[in-house]
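Chains as they are written, first to last, in my numbering: chain A, 225 to 538; chain B, 423 to 709; chain C, 33 to 402.
This is how it looks when you write it as structure tokens:
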């Protein structure tokens with residue numbers, strides 16, 4: 225193709241100027257602020273640690289440039305069951321949190337999106353407002369509510385919910401709710417609930433209601449219409465909300481420290497211990513790299529197939 | 423649309439059950455908030471024992487320059503984080519939804535989500551190491567509000583992208599194509615057609631990232647420098663010896679101010695809408 | 033990317049030092065950036081320093097050693113004075129992250145207790161990098177009435193450590209709440225000390241008995257906390273705590289101020305506590321080292337050092353300051369420990385990475401049962 229033809233084609237392509245800026249700006253930002261730091265983590269994970277510094281990966285010895293990479297950390301992760309166990313536990317708590325957020329959040333966003341349009345912005349603000357107070361304060365407030373003679377603790381005991389929770393093994397004893405898997409999941413559900421509600425709301429608010437009318441006209445009961453039309457249409461919102469809840473929950477560090485029990489060890493704390501208690505940055509970085517790859521690679525592949533499938537369809 | 427209400431679960435059920443669910447949800451969200459507001463009036467220095475009513479913590483708060491300057495810094499950082507996150511997030515979401523083929527697309531989609539996956543401790547530490555080495559080479563950026571903002575924006579971008587992408591995906595591309603066929607320029611299509619359709623998503627993303635930034639501790643702790651202590655950092659550092667109710671007082675002030683703003687705004691919106699309805703009715707009668 | 037090559041770092045450090053010594057001859061900005069624990073200073077300390085020297089102090093607080101350490105490792109913190117615990121300062125000094133003190137600029141060093149300086153020299157040979165801010169020790173704090181009630185007809189043990197490390201006692205105290213510090217480097221040395229071993233033993237085999245000891249008391253521990261336990265002690269929701277001496281005295285004071293009716297007391301175990309020190313250090317790349325030296329010298333004045341102790345109930349190493357300490361603080365035997373008691377205390381010492389890993393693992397399995 226001649227340069228002239230390329231130019232013409234470029235000029236003809238509809239979103240040229242916009243397109244390169246739209247892709248370029250976030251791309252460059254991510255390269256600098258994500259990829260570069262991530263490469264540092266990757267590098268540390270294969271380095272040898274001295275007191276506080278790392279040995280050079282490249283050394284020049286006897287006229288030869290030598291590259292020393294230390295993969296023993298990755299082997300250690302595979303061998304030591306602690307990391308695997310803790311990772312599984314983190315996945316479990318994150319999954320439970322996501323489930324509860326979805327159960328509470330879906331109907332909540334649904335009704336919010338069906339409220340009078342004039343009060344919707346106010347409702348949206350009201351969902352976020354509690355989170356403008358300090359995180360620590362909310363945690364301490366929950367401690368008070370769940371502690372001995374706290375309002376919530378009394379309510380749960382009065383409803384005999386504690387028997388159920390004890391049978392499930394998520395609280396240590398009748399009437400003791402704090403510092404248990406129960407309080408951990410409750411705290412994470414509370415903290416992450418807006419991250420479920422907002423994407424769902426954004427998705428549900430603009431749903432094409434004519435489809436529901438059409439379903440009703442075709443004789444669908446409200447229940448069928450809900451399951452067959454509304455839920456599938458909001459799939460993107462459900463996926464987005466679940467992602468925003470599940471993924472950060474896996475690596476959550478602060479909430480388990482403050483609301484979790486002694487047995488609710490999560491991967492965030494293990495990383496912290498490796499970094500600081502053990503002063504072993506390479507090990508901590510290795511754990512982090514494995515963790516990231518375990519989630520990001522499947523996600524990127526999924527995204528790729530989705531994009532290809534969509535393109536094939538259109 | 424012909425003004426018919428969506429036929430879900432029947433109108434009455436829909437309204438009653440919906441209201442109940444919203445009320446229950448808000449009760450869950452506001453329960454701890456009510457508790458912390460009450461304890462801001464507690465006369466005892468111990469947060470969990472009630473020692474009578476007092477306003478002294480509000481008085482103390484007024485002289486607490488560390489807390490107040492921390493609050494303004496947090497507000498500033500959160501505002502700029504939210505604005506930048508929404509713009510960048512919109513770009514990124516657009517890229518992922520509209521451009522199915524360009525070099526490095528898989529990597530791009532991976533990188534967008536990655537800050538969500540990285541535990542905050544790692545994000546903070548690796549960003550710190552990166553920024554320090556850049557500072558060694560170039561002499562900037564100095565640690566402070568700017569670097570905290572960069573960290574928050576990295577996280578905010580990821581959240582905003584997911585929210586906006588979820589909405590963009592479900593957009594009917596035919597509408598945009600129709601506009602384009604009618605001769606609209608791409609930027610006109612974007613501002614006049616696409617933007618209004620994703621308005622809720624943009625607002626949601628803005629609020630989420632604003633909140634994320636306002637409440638963040640771990641990233642700020644790694645990226646702050648001398649004299650740039652955000653409010654959550656002030657509160658966390660004080661927590662070692664136990665918080666006193668003046669922190670509750672700050673939270674109460676924020677809640678009250680925002681509540682007043684929200685109520686006033688919704689009142690004004692409602693009034694404007696009534697006004698418009700009246701005018702429309704009058705216009706119809708006149709014709 | 034050579035972000036972390038030690039050579040680059042060293043070169044940088046040398047360069048920075050050279051630049052700074054040059055700058056020092058010229059004129060240093062009238063600013064000092066201090067990074068310290070929260071609530072660890074008297075109200076007038078900074079104000080008086082600013083008034084006297086005209087140096088503007090930017091004072092920031094942190095809540096854990098770990099993040100401070102990470103910032104120092106990364107470098108260019110912008111701070112001139114940092115106050116980490118000696119355990120961390122040791123790692124930082126070994127790694128070349130700290131600046132050697134110019135003792136000629138700190139004449140008030142003469143006020144420091146020589147015994148104390150000798151103890152600190154175990155971590156910092158020749159006292160080249162660290163100056164003690166305040167010190168305290170890990171010990172047992174109790175709610176006197178509740179512990180007596182819970183023990184019933186059992187007498188108080190002779191050695192206060194038994195309250196947290198002997199199952200006979202601690203199992204009875206479970207009903208009124210038992211808290212442990214949430215940190216491997218506090219709990220494991222205390223356990224070793226209780227077992228009669230060196231608290232920071234470098235001998236791996238010494239650690240063999242620790243897991244069994246900790247496991248035997250694990251069922252009775254109701255709370256792991258390094259920060260919230262002060263208020264929990266003060267309001268009576270826990271009755272015995274493995275904690276820091278000054279914190280327990282603060283809890284005592286809060287219980288009195290808040291009129292909760294709880295009688296909190298720090299105990300001095302018969303075999304002594306485990307000492308920790310928080311030390312002032314100057315980062316190697318501090319922008320205002322001259323001002324930092326002035327600040328250290330100012331803190332070491334007897335009356336200034338005494339005012340810190342008066343405020344936070346931790347002892348200072350300043351032998352001239354005693355006469356300025358408030359009588360009720362000076363007479364508290366758990367703040368300024370007598371010389372005889374002092375001899376029994378376990379002093380801080382350095383440990384290597386292998387021991388550290390072992391400590392963490394012991395602690396993790398203690399806490400989680402994994």
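Just so you know, even glycine gets a beta-carbon here, dropped at the ideal spot from N, CA and C.
Note that the structure is a prediction, hence the values are computed from the model and not measured.
Minimum Cβ-Cβ distance from residue i to chain C less than 9 Å
i	result
residue 668(B)	no
residue 287(A)	no
residue 341(A)	no
residue 659(B)	yes
residue 673(B)	no
residue 545(B)	no
residue 426(B)	A caution first: residue 426(B) carries a pLDDT of 44, below 50, which makes its placement in the model too unreliable to give a value.
residue 656(B)	yes
residue 497(A)	yes
residue 503(A)	yes
residue 306(A)	yes
residue 664(B)	yes
Residue-chain proximity (residue i, chain A), Cβ-Cβ < 9 Å
i	result
residue 156(C)	no
residue 78(C)	no
residue 615(B)	no
residue 508(B)	no
residue 124(C)	yes
residue 391(C)	yes
residue 333(C)	no
residue 709(B)	no
residue 215(C)	yes
residue 538(B)	yes
residue 399(C)	yes
Span of the beta strand (DSSP E), counted from its first residue to its last, around residue i
i	result
residue 404(C)	Given that chain C is displayed from residue 33 to residue 402, the structure contains no residue 404(C) and the question cannot be resolved.
residue 211(C)	210-212
residue 309(C)	306-312
residue 90(C)	88-94
residue 69(C)	63-69
residue 364(A)	Residue 364(A) -> not in any beta strand (DSSP E); alpha helix (DSSP H) instead, spanning 359-370.
residue 289(A)	288-291
residue 282(A)	282-285
Residue-level contact to chain B via CB, residue i, 9 Å cutoff
i	result
residue 480(A)	no
residue 109(C)	yes
residue 402(A)	no
residue 297(A)	no
residue 567(A)	This structure does not reach residue 567(A), given that chain A is present from 225 up to 538, and the question cannot be answered.
residue 311(A)	no
Residue i: first and last residue of the uninterrupted alpha helix (DSSP H) it sits in
i	result
residue 689(B)	668-708
residue 174(C)	Here residue 174(C) belongs to no alpha helix (DSSP H); instead the beta strand (DSSP E) covers 163-175.
residue 447(A)	446-449
residue 487(B)	487-520
Would you list, in chain order, the members of the segment 505-533 of chain A that have their beta-carbon closer than 8 Å to a beta-carbon of chain C? Per Cβ criterion, the list is empty.
Counting only runs of 4+ residues fully inside the segment 224-278 of chain C, write out the alpha helix (DSSP H) ranges in chain order. Restricting attention to alpha helix (DSSP H) runs no shorter than 4 residues, the segment 224-278 of chain C encloses them at 242-249 and 261-266, ordered along the chain.
Any residues in the segment 259-281 of chain A with a beta carbon nearer than 9 Å to a beta carbon of chain C? Which ones, in chain order? Only those residues of the segment 259-281 of chain A whose C-beta falls short of 9 Å from the nearest C-beta of chain C are listed: 260, 263, 264, 267, 268, 271, 273, 274, 275, 276, 277, 278, 279, 280 and 281.
Could you tell me which uninterrupted alpha helix (DSSP H) segments, each at least 4 residues in length, are contained entirely in the segment 596-651 of chain B, listed from first to last along the chain? Runs of the alpha helix (DSSP H) inside the segment 596-651 of chain B: 621-636 and 640-645.
Inter-stretch contact at 8 Å, needing at least 3 Cβ pairs: the segment 352-369 of chain A / the segment 437-455 of chain A: Not touching, per the Cβ criterion.
Residues of the segment 66-99 of chain C with Cβ closer than 9 Å to any Cβ of chain E, in chain order: Looking at the structure shown, chain E is missing, and the protein chains on hand are A, B and C.
Are the segment 135-147 of chain C and the segment 325-335 of chain C touching by the rule of at least three beta carbon pairs closer than 8 Å? Under the 8 Å Cβ criterion, the segment 135-147 of chain C counts as touching the segment 325-335 of chain C, having at least three qualifying pairs.
Near-chain C residues of the segment 620-654 of chain B (beta-carbon distance less than 7 Å), N- to C-terminal order: From the segment 620-654 of chain B, only 643, 644, 647, 648, 649 and 651 have a Cβ closer than 7 Å to chain C.
Beta carbons nearer than 7 Å to chain A: which residues of the segment 546-578 of chain B have them? Within the segment 546-578 of chain B, the residues whose Cβ lies closer than 7 Å to some Cβ of chain A are 548, 549, 551, 552, 572 and 576, listed in chain order.
Using a Cβ distance threshold of 8 Å, determine whether the segment 518-526 of chain A contacts the segment 334-344 of chain A, with at least three qualifying pairs required. No, the segment 518-526 of chain A is not in contact with the segment 334-344 of chain A.
Along the segment 243-275 of chain C, what residues have a CB closer than 8 Å to any CB found in chain B? Answer set for the segment 243-275 of chain C: 258, 259, 260, 262, 263, 266, 267 and 269.
Taking a Cβ distance cut-off of 7 Å, strictly less, list which residues of the segment 361-390 of chain C are near chain A, in chain order. Cβ contacts with chain A come from 385, 388 and 389.
What residues in the segment 126-139 of chain C bring their beta carbon closer than 7 Å to a beta carbon of chain A? If the cut-off is 7 Å between Cβ atoms, the segment 126-139 of chain C has 126, 127 and 129 near chain A.
Taking one C-beta from the segment 318-328 of chain C and one from the segment 108-120 of chain C each time, how about it: are there three or more such pairs within less than 8 Å? The segment 108-120 of chain C and the segment 318-328 of chain C touch, with three or more beta-carbon pairs separated by less than 8 Å.
Can you give me, in chain order, the residues of the segment 347-361 of chain A that have a beta carbon less than 8 Å from any beta carbon in chain B? Taken in chain order, the members of the segment 347-361 of chain A whose beta-carbon sits within less than 8 Å of a beta-carbon on chain B are 347, 348, 349, 350, 351, 352, 353, 354, 355, 356, 357, 358, 359, 360 and 361.
How about the segment 610-625 of chain B and the segment 579-598 of chain B: do they share at least three Cβ pairs that are nearer than 8 Å? The answer is yes - the segment 579-598 of chain B touches the segment 610-625 of chain B, with three or more Cβ pairs under 8 Å.
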